[in-house]
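Peer 1:
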Amino acid sequence: MSTFFSGLFHNRAKIGVLLVTLLLAFYLVIVAQRGWLLLTSDGLTAKAMGLAYFVLPLVGVWALVRELLFGVQTEKMATILADEGGLPVDDLPRTPGGRIVREAADAQFPAYQAEVEAAPEEWRAWFRLSCAYDAAGDRKRARSAMRQAGKLFSA
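Heads up: the sequence shown runs through residues 1 to 155, numbered per full-length UniProt numbering.
1) Which residue comes first and which comes last in the alpha helix (DSSP H) that contains P120?
2) I need the straight-line Cα distance from R128 to E103, nearest angstrom please.
3) Are S130 and A142 touching if we call contact CB-CB under 8 Å?
4) Looking at the structure shown, is R139 part of a helix, part of a strand, or coil, going by DSSP?
5) Any idea if V61 is buried or exposed, counting beta-carbon neighbours within 10 angstroms, 16 or more meaning buried?
6) Which word fits R124, buried or exposed, when buried means at least 16 other C-beta atoms lie within 10 angstroms of its C-beta?
7) Counting C-beta neighbours from all protein chains within 10 Å, is the total for Y27 16 or more, i.e. buried, or is it exposed?
8) Alpha carbon to alpha carbon, how far is A145 from F109?
9) Could you check what DSSP says for R99 in three-state terms: helix, strand or coil?
10) Indicate whether G50 and L64 have their beta-carbon atoms separated by less than 8 Å.
11) Between D42 and L81, what straight-line distance do the alpha-carbon atoms span, to the nearest angstrom?
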């Protein structure tokens with residue numbers, strides 16, 4: 001967690017994560033309080049709803065912790081790759097709005113895919129493939145590749 005807090009106030013994304021986390025924590029406390037009120041009231045329906053109110057915060061806490069750990073792990077991997085000089089160079093052309101030109105990202109993609117095919121147990125290759133998916137606009141596959149990189153990094 002120390003990498004998350006280092007430079008917290010110099011990174012807008014981390015400030016956003018902190019604010020959303022605080023809002024979710026506040027929400028979870030309110031939901032838990034309402035759940036307790038329903039559990040202690042009379043009536044089977046109220047008690048069932050109160051129990052459901054406690055399940056929802058547990059799912060919320062699980063999702064929050066999972067995403068925060070994913071972010072911390074991704075940041076660790078990015079730091080290691082940056083120190084090694086192994087991060088993909090962001091030299092793709094951009095639209096006037098700042099988005100990466102998809103055709104250019106698609107043209108670079110096969111090189112990163114071939115790197116993973118040549119070394120499927122290398123987390124660095126999966127990390128770079130995730131960056132390539134992200135540049136190409138495929139966020140779902142980018143997260144999946146980053147999760148694979150994280151599994152290999154942890155192993």
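Glycine included, C-beta positions come from ideal geometry on N, C-alpha and C.
Peer 2: So, to answer that:
1) That residue, P120, is in no alpha helix (DSSP H); it is neither H nor E in DSSP.
2) If I take the Cα positions, the gap works out to 18 Å.
3) yes
4) Here R139 sits in helix by DSSP.
5) exposed
6) R124 is buried by the Cβ-count criterion.
7) Flag for Y27 reads exposed.
8) 13 Å
9) R99 falls in the coil class under three-state DSSP.
10) no
11) Straight-line measurement puts the Cα of L81 at about 58 Å from the Cα of D42.
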